[in-house]
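Notes to accompany the following structure.
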Amino acid sequence: CEGAQVTKTIEKLATDRGTTVITTPYDTYTVARLINQSMPIYYFMKTDRLITFDEDDYIDDIREIMASVRHRDFPVLSKDGKYLGMISRRNLLGARGKKVILVDHNEKEQAVEGIAHADVSEIIDHHRLGTMQTIAPVFFRSQPLGCTSTIIYQMYNEAGVQIDKQVAGLLCSAIISDTLLFRSPTCTKVDEEAAKELAAIAGIDLEEYAMQMFDAGSNLRGKKDKEIFYQDYKQFTAGKLLIGIGQVSSLNSKELKELKPRMRDYMLSILDGSGMDMLFLMLTDILKESTSLICVGIGAENLVANAFHIEEELERGSVDNYVELPGVVSRKKQLVPQLVMGVQE
Numbered sequence: 001c002e003g004a005q006v007t008k009t010i011e012k013l014a015t016d017r018g019t020t021v022i023t024t025p026y027d028t029y030t031v032a033r034l035i036n037q038s039m040p041i042y043y044f045m046k047t048d049r050l051i052t053f054d055e056d057d058y059i060d061d062i063r064e065i066m067a068s069v070r071h072r073d074f075p076v077l078s079k080d081g082k083y084l085g086m087i088s089r090r091n092l093l094g095a096r097g098k099k100v101i102l103v104d105h106n107e108k109e110q111a112v113e114g115i116a117h118a119d120v121s122e123i124i125d126h127h128r129l130g131t132m133q134t135i136a137p138v139f140f141r142s143q144p145l146g147c148t149s150t151i152i153y154q155m156y157n158e159a160g161v162q163i164d165k166q167v168a169g170l171l172c173s174a175i176i177s178d179t180l181l182f183r184s185p186t187c188t189k190v191d192e193e194a195a196k197e198l199a200a201i202a203g204i205d206l207e208e209y210a211m212q213m214f215d216a217g218s219n220l221r222g223k224k225d226k227e228i229f230y231q232d233y234k235q236f237t238a239g240k241l242l243i244g245i246g247q248v249s250s251l252n253s254k255e256l257k258e259l260k261p262r263m264r265d266y267m268l269s270i271l272d273g274s275g276m277d278m279l280f281l282m283l284t285d286i287l288k289e290s291t292s293l294i295c296v297g298i299g300a301e302n303l304v305a306n307a308f309h310i311e312e313e314l315e316r317g318s319v320d321n322y323v324e325l326p327g328v329v330s331r332k333k334q335l336v337p338q339l340v341m342g343v344q345e
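If you're matching positions, the sequence shown starts at 1 in full-length UniProt numbering and goes up one per residue.
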């Protein structure tokens with residue numbers, strides 16, 4: 001009453017119990033008198049054929065609906081049906097896409113759905129440059145490092161912002177994963193130094209923690225084929241070809257070997273509906289620092305043979321959806337560039 005602010009404690013209690021809180025400029029006596037004279041809103045409101053929008057509806061979708069009826073304002077509801085506010089045609093006039101920062105990718109094919117309508121304001125990445133087009137100039141930071149988290153760590157230091165233990169642990173985990181604990185050819189001294197400094201902040205032993213991480217990531221028991229293939233999957237454009245590449249890294253050589261026929265059959269079953277010309281899956285043995293590559297799609301085997309100069313093996317028939325690539329562990333630096341060059345040749 002009398003314009004008093006509702007405390008957060010009262011707000012939380014009311015929300016938990018589904019109670020409505022009314023704020024008013026009147027005193028307690030006036031409010032008590034007016035409430036008795038008030039009519040419940042459900043006496044007047046309609047409950048059928050309502051036109052409402054959800055808070056995560058796309059503007060393009062609601063614009064068509066709003067244009068088809070003569071209402072001026074439309075209610076916006078939360079996922080559990082609670083009223084959040086109103087939206088009108090006037091609100092759509094100056095509507096702009098959501099501001100987005102692309103991290104660890106810069107290609108449209110790898111971005112979230114609807115990225116073409118978003119306002120990309122920054123790109124932080126360590127991959128090759130793709131085909132992303134932006135509405136206006138953006139802040140772009142790309143460095144040839146083993147992990148984007150190394151760049152993020154640099155940005156923390158440059159801004160003088162202290163990193164807490166949890167964030168340090170996450171950034172360190174990303175560097176370990178991306179560089180396979182500094183085994184990947186993409187790894188640099190900068191990555192290694194950043195990981196050691198972040199490990200100190202997070203209070204973890206790098207070697208021990210890395211083995212625990214790889215062991216957890218290697219445990220594929222109980223996972224469906226789709227989960228395994230798409231757990232680390234990216235799409236690329238090579239010339240006129242659309243290529244999808246997944247990667248599974250493991251400490252367990254036996255498990256990777258058993259996975260090969262199973263994943264080949266799965267990839268063959270999804271190829272036509274994937275929208276890709278070719279699909280590849282890297283089964284990377286972390287300890288042996290090698291990869292068994294599964295390749296499906298018209299010309300996929302020939303492309304790999306040309307890219308890695310193993311045409312003789314292809315002629316002998318030893319390439320049958322599988323290619324052994326000793327020393328290859330990086331999709332970004334060792335596989336994708338070779339495939340792109342193979343297409344160009």
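Note that the Cβ used here is the ideal one computed from N, Cα and C, for glycine as well. Quick caveat: nothing in here was measured; it's all calculated off a predicted structure.
Query, Result
"Beta-ladder partner(s) of T284, from DSSP", "S249, T291"
"Nearest neighbour of S253, chosen from M276, E227, L279, E289 [CA to CA]", "E289"
"Stretch-stretch touch, CB-based, cutoff 8 angstroms, three pairs: the stretch 141-151 with the stretch 69-89", "no"
"Whole-number beta carbon distance between L271 and V279, since they are thought to touch under 8 angstroms", "Just to set this straight, residue 279 is Leu in the shown sequence, not Val. Between L271 and L279 the Cβ distance is about 6 angstroms, and since that is below 8 angstroms, they are a contact."
"Contact under 9 angstroms by Cβ, K234 with R90", "no"
"DSSP state of Q235 mapped onto helix, strand, coil", "strand"
"V6 burial status per 10 Å Cβ neighbour count (16 or more: buried)", "exposed"
"Sequence ranges, beta strand (DSSP E) only - wholly within the stretch 103-179, length at least 3", "119-125, 139-142"
"Cβ-based neighbour list, R96, same chain, cut-off 7 angstroms, excluding 5 preceding and 5 following", "D119"
"Straight-line Cα distance separating I10 from A4", "12 angstroms"
"Selection from R221, A216, K257, M341 that minimises the alpha carbon distance to N306", "M341"
"Beta-carbon proximity check, V329 vs V304, cutoff 9 angstroms", "no"
"Span separating the alpha-carbon of H105 from that of T150", "14 angstroms"
"Contacts around L171, its chain only, beta-carbon distance under 7 angstroms, and the 5 residues preceding and following it disregarded", "S149, I152, Y153, L198"
"Outcome for M45 when other beta-carbon atoms lying within 10 angstroms are tallied against a minimum of 16", "exposed"
"Integer Cβ distance of S218 from L251, believed to fall under 8 angstroms", "5 angstroms"
"Y42 to K12 span [Cα, whole Å]", "25 angstroms"
"For M341, three-class secondary structure by DSSP", "helix"
"M39 classed as buried or exposed, judged by whether at least 16 other C-beta atoms fall within 10 angstroms", "exposed"
"Burial state of T186, where buried means 16 or more other Cβ atoms lie within 10 Å", "buried"
"Three-pair Cβ contact test at 8 angstroms for the stretch 21-33 versus the stretch 47-64", "no"
"Secondary structure of Y230, DSSP reduced to three states", "helix"
"Start and end residues, beta strand (DSSP E) containing G217", "Where G217 is concerned, there is no enclosing beta strand (DSSP E), although the alpha helix (DSSP H) it sits in stretches over 206-218."
"Close beta carbons around G203, own chain, < 8 angstroms, minus the five adjacent residues each side", "K165"
"Buried or exposed by the 16-neighbour rule on C-beta atoms within 10 Å, applied to T19", "exposed"
"Segment contact flag, the stretch 218-232 with the stretch 256-272, C-beta cutoff 8 angstroms, min 3 pairs", "yes"
"Where the alpha helix (DSSP H) containing I62 begins and where it ends", "59-68"
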